[in-house]
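For the sequence shown, our numbering begins at 35 and goes up steadily by one. Heads up, the beta-carbon is just placed ideally off N, CA and C, and yes, glycines get one too. Values in this document were obtained by computation on a predicted structure and should not be read as measured data. First the structure, in the form of structure tokens, and then the observations on it.
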Amino acid sequence: MEPAGPCGFCPAGEVQPARYTCPRCNAPYCSLRCYRTHGTCAENFYRDQLPNVLFAYAHTLALYHGGDDALLSDFCATLLGVSGALGAQQVFASAEEALQAAAHVLEAGEHPPGPLGTRGAMHEVARILLGEGPTNQKGYTLAALGDLAQTLGRARKQAVAREERDHLYRARKKCQFLLAWTNENE
Numbered sequence: 035m036e037p038a039g040p041c042g043f044c045p046a047g048e049v050q051p052a053r054y055t056c057p058r059c060n061a062p063y064c065s066l067r068c069y070r071t072h073g074t075c076a077e078n079f080y081r082d083q084l085p086n087v088l089f090a091y092a093h094t095l096a097l098y099h100g101g102d103d104a105l106l107s108d109f110c111a112t113l114l115g116v117s118g119a120l121g122a123q124q125v126f127a128s129a130e131e132a133l134q135a136a137a138h139v140l141e142a143g144e145h146p147p148g149p150l151g152t153r154g155a156m157h158e159v160a161r162i163l164l165g166e167g168p169t170n171q172k173g174y175t176l177a178a179l180g181d182l183a184q185t186l187g188r189a190r191k192q193a194v195a196r197e198e199r200d201h202l203y204r205a206r207k208k209c210q211f212l213l214a215w216t217n218e219n220e
């Protein structure tokens, strides 16, 4: 959503035009200072979307044996179909809801079940999020999101239809935001 109007968090007398919007509640804000004044709404948004994206990534990676470029279009179609956060621009209220949504897509038979199954994909999400341990907890998450962003970028270059390129661009952009958020927060 394109922000419109003044920032809702600037101090009185210093109001600036809004350049950004909160991804969860669409509140307009102008700067990092005002974003932080807004509170944890956007932080919770990223925390709640991440498991959905990682579930779809783990499932799709296992299904396509690593993402061969010859199957790149199918890989991305499955990924975006399983991940409501990337494909359908769904917003989840909790990490549990995000995981349940991805699992439901597989259980409903909308996409091939893959070798991991629902429980195996859940296990892989936990492994990715926990990383190597307390000293490098976010390493696997950063690697997964980085690989995913690169894969979506390659697919976008191969896509012929403008609508598909735009869809892949938005998904890649969200992965990049999640990557930056994870690097800074987790």
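| Asked | Found |
| --- | --- |
| Among the residues of its own chain, which have a CB less than 6 Å from the CB of Q221, if the five just before and after it don't count? | The shown model of the chain, from 35 to 220, leaves out residue 221, and the question about it has no answer. |
| On the DSSP bridge list, what partners appear for T216? | According to DSSP, T216 bridges with nothing at all. |
| Can at least three beta-carbon pairs, one atom from the segment 142-149 and one from the segment 102-117, be found at a separation below 8 Å? | yes |
| Hey, out of T175, A129, R53, whose CA is closest to C64's CA? | R53 |
| Taking just the CA atoms, how far does N86 sit from L140? | 12 Å |
| Compute the Euclidean distance between the alpha carbons of A193 and A46, then round it to the nearest angstrom. | 48 Å |
| Does the Cβ of L202 have 16 or more other Cβ atoms within 10 Å, making it buried, or fewer, making it exposed? | buried |
| Are the beta-carbon atoms of L212 and L163 separated by less than 8 Å? | no |
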